[in-house]
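Okay, structure first, notes after.
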Amino acid sequence: MSRHLQLTENGKLKHFLSIEGLDKALLTEILDTAESFAGISEHQVKKVPLLRGKTIVNLFFENSTRTRTTFELAATRLSADVLNINIATSATSKGESLLDTIRNLEAMHVDMFVVRHALSGAAHFIAQHTAPHISVINAGDGQHAHPTQAMLDMFTIRQHKKHFEGLKVAIVGDILHSRVARSQILALNTLGVSEVRVIAPKTLLPAHVRSMGVIPLHDMDAGLKDVDVIIMLRLQKERMNSAFLPSESEFFRCYGLTEAKLALAKPDAIVMHPGPINRGVEIASSVADGSQSVILQQVSNGIAVRMAVMTMTMGSRGGMQ
Amino acid sequence: MTRFLIENGHIIDPANAIDEFGAVCIADGKIVQVGAPAANFTPDEIIDAKGKIVCPGFIDLSARLREPGHTQKGSIKSETQAALSAGVTSICLPPDTKPCIDTPAVVEYIKDKAEAAGFPKIHGIGALTQRLDGTELSSMFALKQAGCIAVSNARAPLANLLILRRAMEYASSHDLLLMVHANDAALSGKGCAHEGAMASRYGLPGIPAAAESIALAECLELAQLTGCRLHVSQISCKQSVIKLQQAKKYGLNVTADVAIHQLHLTENEVVPFDSHYHVMPPFRSEEDCHYLRDGLANGTIDAICSDHQPHDLDAKLGAFPETEPGIASLETLLPLTLDYAEQHRVDLSKAIANLTQKPAQILGLSAGALTVGFDADICIFDPKLTWEVNAQTWHSLGHNTPFWRQTLIGRVTHTLQGGRLLYKLRNR
Numbered sequence: 001m002s003r004h005l006q007l008t009e010n011g012k013l014k015h016f017l018s019i020e021g022l023d024k025a026l027l028t029e030i031l032d033t034a035e036s037f038a039g040i041s042e043h044q045v046k047k048v049p050l051l052r053g054k055t056i057v058n059l060f061f062e063n064s065t066r067t068r069t070t071f072e073l074a075a076t077r078l079s080a081d082v083l084n085i086n087i088a089t090s091a092t093s094k095g096e097s098l099l100d101t102i103r104n105l106e107a108m109h110v111d112m113f114v115v116r117h118a119l120s121g122a123a124h125f126i127a128q129h130t131a132p133h134i135s136v137i138n139a140g141d142g143q144h145a146h147p148t149q150a151m152l153d154m155f156t157i158r159q160h161k162k163h164f165e166g167l168k169v170a171i172v173g174d175i176l177h178s179r180v181a182r183s184q185i186l187a188l189n190t191l192g193v194s195e196v197r198v199i200a201p202k203t204l205l206p207a208h209v210r211s212m213g214v215i216p217l218h219d220m221d222a223g224l225k226d227v228d229v230i231i232m233l234r235l236q237k238e239r240m241n242s243a244f245l246p247s248e249s250e251f252f253r254c255y256g257l258t259e260a261k262l263a264l265a266k267p268d269a270i271v272m273h274p275g276p277i278n279r280g281v282e283i284a285s286s287v288a289d290g291s292q293s294v295i296l297q298q299v300s301n302g303i304a305v306r307m308a309v310m311t312m313t314m315g316s317r318g319g320m321q
Numbered sequence: 001m002t003r004f005l006i007e008n009g010h011i012i013d014p015a016n017a018i019d020e021f022g023a024v025c026i027a028d029g030k031i032v033q034v035g036a037p038a039a040n041f042t043p044d045e046i047i048d049a050k051g052k053i054v055c056p057g058f059i060d061l062s063a064r065l066r067e068p069g070h071t072q073k074g075s076i077k078s079e080t081q082a083a084l085s086a087g088v089t090s091i092c093l094p095p096d097t098k099p100c101i102d103t104p105a106v107v108e109y110i111k112d113k114a115e116a117a118g119f120p121k122i123h124g125i126g127a128l129t130q131r132l133d134g135t136e137l138s139s140m141f142a143l144k145q146a147g148c149i150a151v152s153n154a155r156a157p158l159a160n161l162l163i164l165r166r167a168m169e170y171a172s173s174h175d176l177l178l179m180v181h182a183n184d185a186a187l188s189g190k191g192c193a194h195e196g197a198m199a200s201r202y203g204l205p206g207i208p209a210a211a212e213s214i215a216l217a218e219c220l221e222l223a224q225l226t227g228c229r230l231h232v233s234q235i236s237c238k239q240s241v242i243k244l245q246q247a248k249k250y251g252l253n254v255t256a257d258v259a260i261h262q263l264h265l266t267e268n269e270v271v272p273f274d275s276h277y278h279v280m281p282p283f284r285s286e287e288d289c290h291y292l293r294d295g296l297a298n299g300t301i302d303a304i305c306s307d308h309q310p311h312d313l314d315a316k317l318g319a320f321p322e323t324e325p326g327i328a329s330l331e332t333l334l335p336l337t338l339d340y341a342e343q344h345r346v347d348l349s350k351a352i353a354n355l356t357q358k359p360a361q362i363l364g365l366s367a368g369a370l371t372v373g374f375d376a377d378i379c380i381f382d383p384k385l386t387w388e389v390n391a392q393t394w395h396s397l398g399h400n401t402p403f404w405r406q407t408l409i410g411r412v413t414h415t416l417q418g419g420r421l422l423y424k425l426r427n428r
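Encoded structure:
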């Protein structure tokens, strides 16, 4: 379904909702396109005219500063006009349905929706019901997917490791609630890494996580042994009260990334985190700010990757002419 | 009243162990002869059932008609038309109407509407607790006197096990069947899909099978304690089948049904984020489905129901977790039952018993059989007729089915209720 919904008849990217259904060649194309945009942010004039005259709506039903800002910057650097819809004061709070909100915005002749929503499948739903000339980018839906985050992570990994083949990657923390982890797992497996490990207590792992093509582990020491990439996930503190974990300190003791634990990985292993980070809960400051951390590079790469996805989806409908 | 002769049909009546070709004679709304036509019987109308199966009308243990309270989704009139086109002649209506069935007045309202719709055999299931709030027992005796055939809290949770115990004790004091949807609300949480590979992959909040089987175990223990007649509605998983099997083995007075679509679809068939696959309980694993089919075949599960839940378009229009669960399933009941019987080599008579004789036994009705003297509730169907599920062939106001636009085999051609021909397939 994802492939059918996301691609045009000639295999071009129409929407970007999930990594599912996209092949290695297409993911590589996204990374290559992002590569071509990576330098633009360092130019004196940080703009290219590729999406001039296009209107992009950031439709965030869930709070996010970092993701929304990078999408906004990406659109601005492509010379598009950007509209940020403040959902807290929007019509949905007056009882308007999601579909009516979309239909009203469509009537204002916009070209793209960047959607963040608290429910899994919301971006799919919007993509299924928008007018054919509109592209939809999923900026995170429930616990389902956050594909641009996954691709900027892949971009960062490629910068440091050159190839995906043969890599061992560990994803640590709240896998159960993480849309980022789900998209990362799909992307890593599609791009051909040799092993994806997920490390967490059972309370924070999906019940059938093995079916996702990963090795589940509950012991951090065993899990980090000889890995090339460590991806730490944000621990959602609000879940501490829901019997998922006994305490922050116990979580940090078992699953927090310290220098001692990092030493179990390969010496050139990189440390990643989609942010925002909880220092002393999932990662020690010395590691977050250490030489193996690429966390801030991930943030910078987010703009290039989102520029790539925006041009590719709009390009499939002649937006780049 | 019209006197009917149904001739040349293949008569299957599991309750009377009839599986033969012959005739059924109907007079004054009753069955007067089965097998060879009575010598002195003069019909007003003859129905030629050549190539068709003639069996008792189906008794559906759970079908929402959406009235009162949700008439944008369906009405007693529209949904009973769907029922008749599906060969269903008796319907158990769960109490979660709006207002819910917790007073005799609501029962009377439903009876009046049923009479007006020309479908008098709607059996209301009384609410177990007032307003279905799970805390205060309803006036079960008054509900029984008003015509309720059983009591249930539908899918609304009870506050605690003590309430369930008291409800069982009180229901059994009045010899009322207690129907239960086994579900531990805390374990189900805000889940919308089976806690399996599909939910894990798509990040959908999961409902573990244990939410059902643990609640079922509690119900069985309390039924044992209280002596309550218990019927477990719409079970969905392996462990429930195993627990029921054990309970029956040790003599507990318990029965169970399964929704027909649970015998056909598993989490593997769910199209990601397609709200037509959003049902409660959710579509489980292949293994669960296998146990359900086996459980039905070996008698652990007694009956098949439609669990019909018509919805309007808006109810299914949204992100998967926020849509309303349920399938409009009356009209797929027969073809899916026939498919189940064929795929799993279940004798057709046995499968028909799951729709007729067994539900009648569970409810204590003099129905579900072609017994002389019984009301002539009869279904005639063509087991080989193929048809497409679409707006032209569909009667329910709810178009919410994952089988939409699919071709199915087996279709009802005539339905008689109380000796009246209330449905005849057009162009046949």
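Respectively, the protein sequence lines represent chains A and B. According to full-length UniProt numbering, the residues represented by the first sequence are 1 to 321, in order. According to full-length UniProt numbering, the residues represented by the second sequence are 1 to 428, in order. Backbone N, C-alpha and C fix where the C-beta goes; we use that ideal spot for every residue, glycine too. These numbers were taken from a predicted model, which means no experiment stands behind them.
- Unbroken beta strand (DSSP E) runs of no fewer than 3 residues, entirely contained in the segment 190–265 of chain A, are found at 195–199, 215–217 and 229–232, following chain order.
- In this structure, the alpha-carbon of M232 of chain A lies about 16 Å from that of K202 of chain A.
- In this structure, the straight-line span from the alpha carbon of G39 of chain A to that of T8 of chain A is close to 29 Å.
- Within its own chain, the residues whose Cβ lies closer than 7 Å to the Cβ of T156 of chain A, once the five positions on either side in sequence are excluded, are M272, V294, Q297, Q298 and N301, listed in chain order.
- Proximity of G203 of chain B to chain A, defined by a Cβ-Cβ separation below 8 Å, is satisfied.
- Put simply, the backbone Cα of N104 of chain A is about 43 Å away from that of V196 of chain A.
- In the DSSP annotation of this structure, the continuous segment of the alpha helix (DSSP H) that includes L26 of chain A starts and ends at K24 to F37.
- Counting along the chain, S152 of chain B sits inside the beta strand (DSSP E) bounded by residues A150 to S152.
- Those residues of the segment 307–328 of chain B placed with their C-beta closer than 7 Å to a C-beta in chain A are L317, G318, A319, F320, P321 and E322, ordered along the chain.
- Shown here, F119 of chain B sits in coil according to DSSP, grouped into three states, outside any helix or strand.
- Against S64 of chain A, chain B offers no close residue; the least beta-carbon distance is about 17 Å (beta-carbon pairs closer than 7 Å).
- Only E195, G196, A197, S200, R201 and Y202 from the segment 191–202 of chain B bring a Cβ to less than 7 Å from some Cβ of chain A.
- Of the residues assessed, E388 of chain B falls on the exposed side of the cut-off, its CB having fewer than 16 other CB atoms within 10 angstroms.
- Within chain B, no C-beta atom comes nearer than 7 Å to that of F244 of chain A; the closest sits roughly 12 Å away.
- Neighbourhood of G206 of chain B in chain A, by CB distance below 7 Å: A207, in chain order.
- By the CB criterion at 8 Å, K243 of chain B and A303 of chain B fall outside the cutoff.
- Segment contact: the segment 373–391 of chain B against the segment 76–96 of chain B, three or more CB-CB distances shorter than 8 Å; contact assigned.
- By the criterion of a C-beta distance shorter than 6 Å, K77 of chain B is surrounded in its chain by A117, once the five residues flanking it on both sides are discounted.
- Within the same chain, V88, I91, C305 and S306 come within 6 Å of D60 of chain B by CB-CB distance, once the 5 residues on both sides are set aside.
- Under the rule that a run must span 3 or more residues, the beta strand (DSSP E) segments found entirely inside the segment 76–153 of chain B read 88–93, 122–127 and 150–152.
- Taken in chain order, the members of the segment 177–196 of chain A whose beta-carbon sits within less than 7 Å of a beta-carbon on chain B are R179 and R182.
- In the three-state DSSP reduction, A303 of chain B falls in the strand class (E or B).
- Per DSSP, the continuous alpha helix (DSSP H) segment holding H124 of chain A begins and ends at A122 to H129.
- Assigned with DSSP and collapsed to three states, K168 of chain A falls in strand.
- Residue pairing for L13 of chain A: DSSP places it in a beta bridge opposite A:L7.
- Under the Cβ distance rule, L257 of chain A does not count among the residues neighbouring chain B, no pair being separated by less than 8 Å.
- Chain-ordered, the chain B residues with CB closer than 7 Å to the CB of M212 of chain A read S200 and R201.
- Only buried fits G418 of chain B, as 16 or more other CB atoms lie within 10 angstroms of its CB.
- Under the DSSP assignment, D184 of chain B falls outside any beta strand (DSSP E); it carries neither an H nor an E label.
- Straight across, the Cα-Cα distance linking E267 of chain B with T415 of chain B is about 34 Å.
- Under the DSSP assignment, T415 of chain B falls in the beta strand (DSSP E) whose first and last residues are T407 to Q417.
- For F60 of chain A, the enclosing beta strand (DSSP E) covers residues T55 to F60.
- One Cα belongs to P206 of chain A, the other to I207 of chain B, and the distance between them is close to 12 Å.
- Interface criterion met: the Cβ of F125 of chain A is under 8 Å from a Cβ in chain B.
- Close to chain A, meaning a Cβ-Cβ distance shorter than 9 Å, is no residue of the segment 398–422 of chain B at all.
- Counting along the chain, S135 of chain A sits inside the beta strand (DSSP E) bounded by residues S135 to D141.
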